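A.B. asks: Sending over a structure as structure tokens; questions will come in a sec.
Protein chains: 2
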Amino acid sequence: MSVLSSRSRYAGNPIEEEDRVADRLAMQGKKIIKLNRGDPAVYFRTPEYIINAYKQALEAGNTHYVDHLGIPELREAVVDRYRRVYGLKTNAEKVVVTQGVSEALLMLNFAVINEGENAIIFKPYFPIYPPYLEIFGGKPIFERYDEANEWNVDTDGLERSLKRYGKSKRIKYLLVTNPNNPTGTVLSKSILEEIVGLANEHKLLLISDEVYDELVFGHAKFTSMCQLAKGMPYMILNGASKNFDATGFRVGFAMMPGEDKTSNMIMNKFRDFAQMRLCANSPGQYAMAAAMNNVSEHKKAIKSMLAEMEIRVKFATKLINESRYMHAVEPKGAFYIFPKVSFEKLRIRSDRKFVDELLREEDVQVTRGSGFGGDGHIRIVSLAPKEILETAIDRINRFCSRHAK
Amino acid sequence: MSVLSSRSRYAGNPIEEEDRVADRLAMQGKKIIKLNRGDPAVYFRTPEYIINAYKQALEAGNTHYVDHLGIPELREAVVDRYRRVYGLKTNAEKVVVTQGVSEALLMLNFAVINEGENAIIFKPYFPIYPPYLEIFGGKPIFERYDEANEWNVDTDGLERSLKRYGKSKRIKYLLVTNPNNPTGTVLSKSILEEIVGLANEHKLLLISDEVYDELVFGHAKFTSMCQLAKGMPYMILNGASKNFDATGFRVGFAMMPGEDKTSNMIMNKFRDFAQMRLCANSPGQYAMAAAMNNVSEHKKAIKSMLAEMEIRVKFATKLINESRYMHAVEPKGAFYIFPKVSFEKLRIRSDRKFVDELLREEDVQVTRGSGFGGDGHIRIVSLAPKEILETAIDRINRFCSRHAK
């Protein structure tokens, strides 16, 4: 009898796989530039009004367990936000507060995936989508975001695949990330409409991870799945982490506004699972409710943070595209850059080796593209101040020159 | 193709299954006495020094993601606590911070359970032990705590069962709860030694849920598994919720001090899983580290809380044992009472119907014993002030009289 489960081989997250190496280097006195974790709260203080609400919750004694579904104040705040921002009519029954989007992914796959069943995930993907599916016996079917077309969904390819699969695959859901991590793409309304149409035609549950929905640059226009997917089962994932700059709170939510039987069945299973872990961080939920309800303070906070994010992302993208060794599609949102590395010019063969040696030789930690299903790329989190980003990219260039053919 | 996974039927928690009924009654203006959730922070304010540390973490900007394994300060604080209190020599590598003990149970079963494999759980059990096993395809083997012997482990029964099973069952772990929820039993050193001996003999991983380890009354003596299980793989589960009166923080930990290969393999899988959900509540971890490190403040806080808990539990136990309809073994720790209901005197046949009708007729919410694998009992959380406990027990008696044969 083996000690471990066979499923346990699927767990992990490439974003953090070099953390222990980085720790050891730091202990040797090296100063590591960490561009691996997408964490705005490292560089932008969580807004004061949110911190104050959190402190008030602590002072008011809101440190006990709360409703496993989430506090009513937060679930109502979610409903209000979606009505205000996207014109969605729904109610708090359709919202379950989760321990971050990651727990929502856990609950989703727990609820719907049987051994051997499938889900459609687009490459490059947020690295925890496949393992949360695979630990429950699911098998990802990879479709693609097309780098040649600004990392948009290849909807023609998707349509062909769905026709080809027919009933040969048991596809439980189709998951899109908008705005995208790691590419920064913001999907257009027309592409989303095509996806909704295909999901409808093939009776696929649509999952939309919209955790960066307010982090959109310039003239790019974000469309929420809730504006297009009417009268069909779909789920939106979102949370405090990115828009509200509060990653460490571990407060997210899953919302499934449909009144159909499928939506109700799945939400019921989210509720059952939620009972098992009692509740999410309770004082953090009060802070998150205040964060969403105080519209004017939030607007102020996100305006200045987003302006600075855009400056940093554009600055780093420009430097990357001036490099002889990298090329990146300019992101329209979020704070990631996903450059293709010109491995044909290098003696290093894989992105895994690239990031590992870059860390050891240049004290810069980025994430390998293969961890996102995007071999030959690296992901650079572009939240640090310009001078740090510049130093990091200089070092990446120096590293590439040293290892050039 | 079914909408739901077959595993999803296992999720749930009987402690909370009546919450929506209670909500509806409350909305009708009823004042429900809720004795279902074991939540000290509802009745005892989380100590001021912990709240202050939490607020300081927020003010210091510790709102970002932290290490997926937990902040070093907290993992060191855990190591220090176990050295100080139990003389254990271990190190922070052996500790993974979890989102409560519930997440540690999730990680455990994720890591070791394959379809059809078994774990030994004693009845009556904390209700989420079986579902976290079952959602990963595991099958519980139930052994028993013996009510006639003050709910102690029936070690003779356990020994007979283990011999009988031989290799016919694939038993991955044996899980004990000490002090116990729902019975309040504190296991003696000699019984624990027998369990350790049997686990050693049959090569079973020992899991000890010790989340109430400081909540022990009078002359009862608690022994931690780490004092007895030397040179073998074992895991201890604990956290902020009960001893530190901070249930809503969602900060717990799993510790596996063994240097053996099995311990290392399992801890590695905890680490891999931990990466996937990024981290536990970060400011809460700083608060928890301070809570554990400030020994003198903690001693003061727990002394007064525990004294009051003991008064309330003894008071309620006495009232219960004066009832014509209930009998309870007096708890030696924690804050639960698990009386046997004299169903032979009642027209109500099941504990499920009993708690449901009690809630609707008398506005008192308790949990059915069958949810703990203890049919014919109910669990009463005895944290409320005496007058509320008295009212509740009066109402239970009135309810029983009304439904007497």
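Just so you know, the protein sequences line up as chains A and B, in that order.
End of the first sequence = 390 in our numbering, gap-free, step of one.
End of the second sequence = 390 in our numbering, gap-free, step of one.
Each residue gets a CB set at the ideal place from its N, CA and C atoms; glycine is no exception.
Owing to the predicted nature of the structure, the values given are computational and were not obtained by experimental measurement.
Rounded to whole angstroms, what's the CA-CA distance from B/L59 to B/I221? Just pull it up for me.
C.D. replies: 16 Å
A.B. asks: Taking 7 Å as the CB-CB cut-off, is A/E1 touching chain B?
C.D. replies: yes
A.B. asks: According to DSSP, A/M406 sits in a beta bridge with which residue or residues?
C.D. replies: No statement about residue 406 of chain A is possible, as the shown extent of chain A runs from -14 to 390 and does not include it.
A.B. asks: Could you check which residue in B/S226, B/E88 and B/A11 has the C-alpha nearest to that of B/T31?
C.D. replies: For the options B/S226, B/E88 and B/A11, the alpha carbon positioned closest to that of B/T31 is the one of B/S226.
A.B. asks: Just to confirm my understanding: we take B/K90, look at its own chain, exclude 5 residues before and 5 after, and list those with CB closer than 6 Å. What are they?
C.D. replies: The residue you asked about is not Lys; residue 90 of chain B is Leu in the sequence shown. Y117.
A.B. asks: So with Cβ pairs under 7 Å, would you call B/A96 a contact of chain A?
C.D. replies: yes
A.B. asks: Which residue's Cα is closest to the Cα of A/V51: A/N37, A/D24 and A/T83?
C.D. replies: A/T83
A.B. asks: Using a Cβ cut-off of 7 Å (strictly closer), state whether A/S87 contacts chain B.
C.D. replies: yes
A.B. asks: Rounded to whole angstroms, what's the CA-CA distance from A/R334 to A/F357? Just pull it up for me.
C.D. replies: 17 Å
A.B. asks: Hey, how far is the Cα of B/V351 from the Cα of B/L344?
C.D. replies: Using only the alpha carbons, I get a separation of about 8 Å.
A.B. asks: Along the chain, where does the beta strand (DSSP E) that runs through B/E144 open and close?
C.D. replies: Looking at the DSSP string, B/E144 is not in any beta strand (DSSP E); the run it does join, the alpha helix (DSSP H), is T140 to Y150.
A.B. asks: Determine which residues share a DSSP beta bridge with B/N163 and list them.
C.D. replies: In DSSP, B/N163 forms no bridge with anything.
A.B. asks: Keeping to the same chain, check which residues put their C-beta closer than 7 Å to that of B/K16; ignore five residues upstream and five downstream.
C.D. replies: D348
A.B. asks: Check whether chain B comes within 7 Å of A/F258, counting only Cβ atoms and requiring the distance to be less than that.
C.D. replies: yes
A.B. asks: Counting Cβ pairs closer than 8 Å, one from the stretch 85 to 103 of chain A and one from the stretch 251 to 261 of chain A, do we hit at least three?
C.D. replies: yes
A.B. asks: Would the beta-carbon of A/F207 fall within 7 Å of that of A/V236?
C.D. replies: no
A.B. asks: Taking the straight line between their C-alpha atoms, what separation do you get for B/M294 and A/Y114?
C.D. replies: 45 Å
A.B. asks: Is B/S(-7) near the ligand ZN, going by C-beta to nearest heavy atom under 6 Å?
C.D. replies: In the structure on display, the ligand ZN does not appear, and there are no ligands present to speak of.
A.B. asks: Any idea what DSSP makes of A/Y158, helix, strand or coil?
C.D. replies: strand
A.B. asks: When DSSP labels each residue in this structure, what does B/D336 get in the three-state scheme?
C.D. replies: helix
A.B. asks: Ordered along the chain, which non-local residues of its own chain (more than five positions away) have a Cβ less than 7 Å from that of A/A377?
C.D. replies: I18, L20 and V349
A.B. asks: Count the other CB atoms within 10 Å of the CB of B/K288; is the residue buried (16 or more) or exposed (fewer)?
C.D. replies: By the 16-neighbour rule on beta-carbons within 10 angstroms, B/K288 is exposed.
A.B. asks: Assess contact between the stretch 310 to 321 of chain A and the stretch 156 to 169 of chain A, defined as three or more Cβ pairs (one per stretch) separated by less than 8 Å. Is contact present?
C.D. replies: yes
A.B. asks: At 7 Å on the CB atoms, spell out the chain A contacts of B/N(-2), in chain order.
C.D. replies: Q260 and M261
A.B. asks: For B/A231, return the contacting residues in chain A, with the cut-off set at a CB-CB distance below 7 Å.
C.D. replies: T48
A.B. asks: Between which two residues does the beta strand (DSSP E) carrying B/F107 extend?
C.D. replies: It spans N103 to K108 - the beta strand (DSSP E) in which B/F107 sits, taken as one unbroken run.
A.B. asks: Taking the C-alpha atoms as reference points, what is the distance between A/N137 and A/Y130?
C.D. replies: 5 Å
A.B. asks: Strictly under 7 Å for the Cβ-Cβ distance: is A/N223 near chain B by that measure?
C.D. replies: For A/N223, the answer is no, since every Cβ of chain B falls outside 7 Å of its Cβ.
A.B. asks: Are the C-beta atoms of A/H53 and some chain B residue less than 7 Å apart?
C.D. replies: yes
A.B. asks: Against chain B, with Cβ distances strictly below 7 Å, would A/K40 count as a contact?
C.D. replies: yes
A.B. asks: If we ignore side chains and look at the alpha-carbon of each, how far apart do B/F328 and B/A42 end up?
C.D. replies: 52 Å
A.B. asks: Taking its Cβ as the centre, do 16 or more other Cβ atoms sit within 10 Å of B/R149, making it buried, or is it exposed?
C.D. replies: Exposed, because fewer than 16 other Cβ atoms sit within 10 Å of the Cβ of B/R149.
A.B. asks: How long is the line joining the alpha carbons of B/I126 and B/I105, rounded to whole angstroms?
C.D. replies: 5 Å
A.B. asks: Mind checking which residues open and close the alpha helix (DSSP H) that includes B/S281?
C.D. replies: V280 to E307
A.B. asks: Of the choices A/N306, A/H49 and A/N382, whose alpha-carbon is the least far from that of A/L331?
C.D. replies: A/N382
A.B. asks: Given that B/C264 touches chain A, what residues does it touch there, using C-beta distances under 8 Å?
C.D. replies: G233 and R235
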